[in-house]
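So the structure is just underneath, and the comments pick up after that.
Protein chains in written order, with my numbering: chain L, 8 to 417; chain F, -2 to 111.
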């Protein structure tokens, strides 16, 4: 079977990189033994395959082999503020992904309502001024598997997100190469991913011209200092800091400047949320207006204590994790050890910029034995705070609730 | 990971004031050279089994692998019907009309609410 060959290849590559036989043994053992994992979802099925078979990827949770949906195992988020490229989540809509991209023939075309249609080489793009941003890339449907009632879709745990340092060029500088004509309202982004069938709607996403020209939206050619992994959008990927990943089009090859709003399936029907606070509605509720998903909201996670952990009484435990503010920076992360009755601010780690993950930590001591619920909540610079009750919508987008981790002290 | 050291606090305070996007000085243009990328994409080609599986294997697996269905929570018949109809009406999957009921029946029998 193709999968076995791929795993063999991967072990070989790791072996070359490893410096000793000890590392070889560990990597081979992990690859062979850890075949599945269980996600903490509210109902079955919870089991997912684990695989290191995807190109340029270490061990990932396989939500779907084709088109690839690969989730980052949650323990990766405890290791540092940046998510390594080889553990960064992967999400494709269609299986027809080019397996070879030649840097000498690749072109980014800009057309539509422009002064001059252009087709740019990678060299021409990389000759523009470079910019850098640390930013969270999070799937609109991250944590969909935790929705209750459950909804159909990619049944992610919390690992359809990652944080990277993106290097690239400003979208505004690229658009100036073509010159946007007056009366333009949106730019429509398309990558090299092709629909599976001739009639399937091509994956197209649009941003307002104002947003695209704000100097923050960029086209990245590097992720954590390396060229983008193939499955994360090599050679060029749109970066829309603070916005959900659906707009971060991978393998960007085509920008069309529109003089009227985009009504294609992927803007008008898919990736829409209730136009209500927190994109929240009741199951079956009628008459709800839907709008395209947009800015992210604050989230925070405990990364070094898992549910069911047994912690000793009378000594300090360092509880730590990470948070992000969504469309603005992390202002405060608070921890509660009594199920949300009282909250104490945690110590924040170094800021890598307002769109980045940020580490937090706190010392916790339990005086008495018994069951406790640890909770963590983030407040962002815009004053948004994670709420105690969860939101719900039929597509399972934009989950946001205070995380609870039940532990016992003994 | 070690606990945050005190010396990091000054840096943290300073960085908090910084904007999200950092222009690099022209002299510091990244010197990365992009290299042609060529990969193989793995797929163990899982198949559905049991009574009625043929209709699902023949119609659904051309565009996506089986886990798209196998990882779903138990869905009711109306939801499975809507999913199949979405594939036909939106994605234009060329599903034989005679197969639609067989697909829905298999999904409800194996992945439906009881």
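Virtual Cβ for every residue (Gly too), placed ideally from N, Cα, C. Treat the numbers as computed from the prediction; the structure is a model and nothing was measured.
- The C-beta of residue 69/F comes closer than 7 Å to at least one C-beta of chain L.
- When the Cα atoms are used, residue 306/L and residue 52/F turn out to be separated by approximately 42 Å.
- Among the residues facing chain L, residue 97/F is not included, as its CB has no counterpart in that chain under 7 Å away.
- When 47/F, 37/F and 27/F are compared, the shortest CA-CA separation from residue 102/L is found for 37/F.
- Annotated three-state conformation of residue 108/L is strand, per DSSP.
- For residue 159/L, the closest C-alpha among the options 92/F, 64/F and 97/F is that of 64/F.
- Per the DSSP secondary-structure output, residue 323/L pairs in a beta bridge with 372/L.
- Per DSSP, the unbroken alpha helix (DSSP H) holding residue 101/F starts and ends at 94 to 108.
- At a cut-off of 7 Å between beta carbons, residue 57/F makes no contact with chain L.
- Across the stretch 23 to 53 of chain F, CB contacts with chain L closer than 7 Å involve 23, 26, 27, 29, 31, 32, 33, 34, 35, 36, 37, 38, 39, 40 and 41, in sequence order along the chain.
- At least 7 Å separates the CB of residue 45/L from every CB of chain F.
- Listed along chain F, the residues sitting closer than 8 Å to residue 62/L by beta-carbon distance are 36, 37 and 38.
- Taking the beta carbon of residue 72/F as reference, the chain L residues within 7 Å of it are 159, listed in sequence order.
- DSSP, reduced to helix, strand and coil, places residue 331/L within a strand of the structure shown.
- Considered as a whole, the stretch 251 to 281 of chain L harbours 259 to 265 and 279 to 281 as its complete beta strand (DSSP E) runs of no fewer than 3 residues, in chain order.
- Where residue 57/F is concerned, the enclosing alpha helix (DSSP H) starts and stops at 50 to 57.
- Per the coordinates, the alpha-carbon of residue 19/F lies some 21 Å from the alpha-carbon of residue 216/L.
- Contact with chain L is absent for residue 84/F, since none of that chain's Cβ atoms lies less than 7 Å from the residue's Cβ.
- Excluding five sequence positions before and after residue 132/L, the CB atoms of its chain that fall closer than 8 Å to its own CB belong to 115, 176, 181, 226, 228 and 243, given in chain order.
- Per the coordinates, the alpha-carbon of residue 329/L lies some 12 Å from the alpha-carbon of residue 90/L.
- If you ignore the 5 residues before and after residue 110/F, its C-beta comes within less than 6 Å of the C-beta of 71 and 73, all in its own chain and listed in chain order.
- Contacts with chain L at 7 Å (Cβ-Cβ) include residue 19/F.
- Going by C-alpha positions, residue 138/L is about 47 Å away from residue 319/L.
- In the three-state reduction of the DSSP assignment, residue 230/L falls in the strand class.
- Residue-level contact check: residue 206/L touches chain F, since one or more beta carbons of chain F fall below 7 Å from its beta carbon.
- Contact annotation: residue 240/L and residue 302/L have beta-carbon atoms that are not nearer than 7 Å.
- Shown here for residue 199/L: same chain residues with a beta carbon closer than 6 Å to its own, the five before and five after excluded, namely 105, 258 and 260 in chain order.
- For residue 103/L, the pairing in a beta bridge is given by DSSP as 201/L.
- DSSP links residue 84/L through a beta bridge to no other residue.
- Legend: CB atoms of the stretch 104 to 119 of chain L lying less than 8 Å from CB atoms of chain F belong to residues 104, 106, 107, 108, 109, 110 and 111.
- Three or more Cβ pairs closer than 8 Å define a contact, and the stretch 360 to 375 of chain L falls short of that threshold against the stretch 147 to 158 of chain L.
- Judged by DSSP in its simplified three-state form, residue 124/L adopts coil rather than helix or strand.
- Within the stretch 223 to 238 of chain L, 223, 228, 229, 234 and 237 place their CB atoms closer than 7 Å to a CB of chain F, listed in sequence order.
- Under the three-state reduction of DSSP output, residue 378/L falls in the strand class.
- Looking at 40/F, 44/F and 54/F, the one whose alpha-carbon comes closest to that of residue 97/F is 54/F.
- In the three-state reduction of the DSSP assignment, residue 408/L falls in the coil class, being assigned neither a helical nor a strand state.
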